[in-house]
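*Asks:*
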Amino acid sequence: MKDAASHSTNASGPLAQIVLWKWEGGAQKIENSILLDRGGLADFECLNSSFVIRILKKREVIENPCPPLSSPDDDFTVHIGGCQVTVSAHWLMSVSPVVEVILSVEMKEKPLINLNSLDITMEQFMQFLESVNDHLQHGQTYPNPTNVLALLKLADHFQIDWLKDRCEAHLINCVEIPLIERFLLIEPYRLNNLKNYFLHYLDIDKLREFIMANHQLLASISKDFWVELTVRLCHRQ
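Numbering-wise, UniProt numbering puts 120 at position 120 of the sequence shown, and it's gapless, one number per residue.
1. Let me make sure I understand the geometry here. Which of Phe210, Val227, Leu233 and Glu228 has the alpha-carbon closest to that of Gly26?
2. Helix, strand or coil for Thr146? Go by DSSP, reduced to three states.
3. Are the region 157-170 and the region 12-25 in contact at 8 angstroms, needing three or more beta carbon pairs?
4. By the three-class DSSP mapping on this structure, what secondary structure does Val87 have?
5. Considering only residues of the same chain and omitting the five flanking positions on each side of His79, which have a CB-CB separation below 8 angstroms?
6. Do three or more CB pairs link the region 84-102 to the region 134-142 at distances below 8 angstroms?
7. Check whether the region 155-164 and the region 193-202 are in contact - that is, three or more C-beta pairs closer than 8 angstroms.
8. Could you give the distance in angstroms between the alpha-carbon of Gln140 and the alpha-carbon of Val148?
9. Ends of the beta strand (DSSP E) at Ile172?
Here is the structure:
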């Protein structure tokens, strides 16, 4: 599998990553992770393993990726824990219908939003702003295993479909996050592509092993989803 991920690094940092994993006990167990520099070579055996290849895109760390414009009415303050950051209302409105609704209501004070309920850090929110800024500049910043869950929460909260789609695409092959944890994201975040991975692409014997290993944790899924899984298990091609 080939994937892409953005990460903060310097000019001499690795350009690619190879993650080797194998199926074991209804889970995807990582065996090795190899970083490749420019012109570097790596020898590995994958006869009994699967692997994910990631192209690592370098990104520049910016103190505030979406600063307010010169207009005094463009300030939009976000609170996370004991920290706060002021960003451009115009920029966020252009990508998020949620922000647009918030700012469509006349307020005597400058608008603000508290994101403590999402259980994210200010650093993770800054990475979210980097993704928004890059998108507005016609670039593409991809999630990585360390920030994909936070970006998914924020993309869902602010109803930013393109970022949510990128997170979902990354999660399908993100073996660093346990498969059961990714599975349990399907219904809360309406991840249809990830759902289709289980219903159409995962080997039936492996799906059965996955369900048996995680039966108690799967009690939270809907009845309709259980029916779809049962139909898949009963259908062998």
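Just so it is clear, CB atoms sit at the ideal spot from N, CA and C, and this is done for glycine as well.
*Replies:* This is what the structure gives:
1. Numbered from 1 along the sequence shown, position 26 holds the residue referred to as residue 26. The option with the nearest alpha carbon to Gly26 is Phe210.
2. Here residue 146 corresponds to residue number 146 of the sequence shown, with the count starting at 1. Three-state DSSP puts Thr146 in coil, outside helix and strand.
3. no
4. Residue mapping note: residue 87 aligns to position 87 of the sequence shown, counting from 1. Correct three-state label for Val87: strand.
5. What you label residue 79 is simply residue 79 of the sequence shown in a count that begins at 1. Answer for His79: Leu112, Ile113, Asn114, Leu115 and Asn116, listed in chain order.
6. yes
7. Output reads no: the region 193-202 does not touch the region 155-164.
8. Taking the first residue of the sequence shown as position 1, residue 140 is located at position 140. Taking the first residue of the sequence shown as position 1, residue 148 is located at position 148. Distance between the alpha carbons of Gln140 and Val148 is about 14 angstroms.
9. As a first step, residue 172 must be located in the sequence shown, where it is residue number 172. Unbroken run through Ile172 is the alpha helix (DSSP H), Asp161 to Ile172; no beta strand (DSSP E).
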